[in-house]
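Chemist: Okay, handing you the structure first.
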Amino acid sequence: MQFDCLLAPTVDNSRVICSKGKSPGSTCRYQCGSGYWPHPFENQALTCLIDGTWDRPKPCCAKICPPYLKRDILTLKQSRNLESWIEFKSKLVMLYGQFSISNDSARVGLVSYGDRIQNELTIHLADFLNDTNDLLTKIMNLPYIAGGGKNVSTGAALSHIIEKYFGLNGGDRPTVSNIVLVHADDVSSDDVYEPAETLRNMGFTTYAVASSYNNNTEYHQQMLDIAGHPSRLFYESDVTDIGFIEELVLSLCSNPCV
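Heads up: the sequence shown begins at 1 in full-length UniProt numbering, then just goes up one per residue.
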């Protein structure tokens, strides 16, 4: 016995054309509108099976990423020294510069910390809504402020941003997914697992960039705890290494449907 499928599910920013309607064997192909791309690409065509189900989930039609990425991204940075800070700023400009910064795409921010939050170096999510060049210039002009040493408080920084940097006052958009990227040079003196897990339980996606030249075992475990999964933990071989940026961009763009 064969069963018809339900009508092919609708997808925003697309039209669907079916070869035999909703009958078994019918193939329904989604055609995304101009400027949009099916994701996953292999799901752009669905076939009705004899049991009345479609052979795969529907795709979404998303704008091409990069440059389009509708996320609120906050980077936390702890720098060991001036050289690390200078190189980090160049890397952050390379990362943020690949995305369209606007209310309809990415909002980005930066929080620098050591043994305290360095409010002098903060960029809130709502500070630069439509001017990427001004944002990148602001980042490059941020001075270095020493702080930390044996008292680096990454856990406290993670807890702090929940209250102070996300929410309407911080420029966070309630309907947009949140990403926290931690780039730390040194081991933290406080617990990082609980605040990172709290963020993930709130729906945040956490990433970490670790220094492979730091040989402290506890440090590497902390960075994995922050990321929450090895696929979201990236390594730089030295302060000038930029290879991880391309991998990070691919990861950030890997699921435009959410």
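Cβ coordinates follow ideal geometry from the N, Cα and C atoms, glycine included.
Confirm, please, whether the CB-CB distance from L92 to L110 is below 8 angstroms.
Modeler: Contact: yes.
Chemist: To the nearest angstrom, how far is it from the Cα of K164 to the Cα of Y144?
Modeler: When rounded, the distance between both Cα atoms is 22 angstroms.
Chemist: Can the beta-carbon of L136 be found less than 8 angstroms from the beta-carbon of A196?
Modeler: No, the pair does not count as a contact, with Cβ atoms beyond the cut-off.
Chemist: If we count Cβ pairs, one from each stretch, closer than 8 angstroms, do we get three or more for the segment 170 to 177 versus the segment 122 to 138?
Modeler: The segment 170 to 177 vs the segment 122 to 138: in contact.
Chemist: Are there 16 or more other CB atoms within 10 angstroms of the CB of K150, so buried, or fewer, so exposed?
Modeler: Looking at its Cβ environment, which holds fewer than 16 other Cβ atoms inside 10 Å, K150 is exposed.
Chemist: Among the candidates D104, I73 and Q2, whose CA atom is the shortest distance from the CA of I50?
Modeler: Comparing Cα-Cα distances from I50 to each of D104, I73 and Q2, the minimum goes to Q2.
Chemist: Give me the Cα-Cα distance between G114 and C5, rounded to the nearest whole angstrom.
Modeler: Taking the straight line joining both Cα atoms gives about 58 angstroms.
Chemist: Indicate whether F88 and H229 have their beta-carbon atoms separated by less than 8 angstroms.
Modeler: No. Outside cutoff.
Chemist: Helix, strand or coil: which one does DSSP assign to P67?
Modeler: Looking at P67 - three-state DSSP - the assignment turns out to be coil, as it is neither helix nor strand.
Chemist: Identify every run of the beta strand (DSSP E) within the segment 186 to 221, keeping only runs that are complete inside it and at least 3 residues long; order them along the chain.
Modeler: Qualifying beta strand (DSSP E) stretches, in chain order: 205 to 211.
Chemist: Alpha carbon to alpha carbon, how far is C48 from C18? Give it in angstroms, no decimals.
Modeler: Taking the straight line joining both Cα atoms gives about 10 angstroms.
Chemist: Tell me Q31's beta-bridge partners as DSSP assigns them.
Modeler: Answer is R15.
Chemist: From what residue to what residue does the alpha helix (DSSP H) around H160 run?
Modeler: T154 to K164 is the extent of the alpha helix (DSSP H) around H160.
Chemist: Put S112 into one of helix, strand or coil per three-state DSSP.
Modeler: In the structure shown, S112 sits in a strand (DSSP, three-state: E or B).
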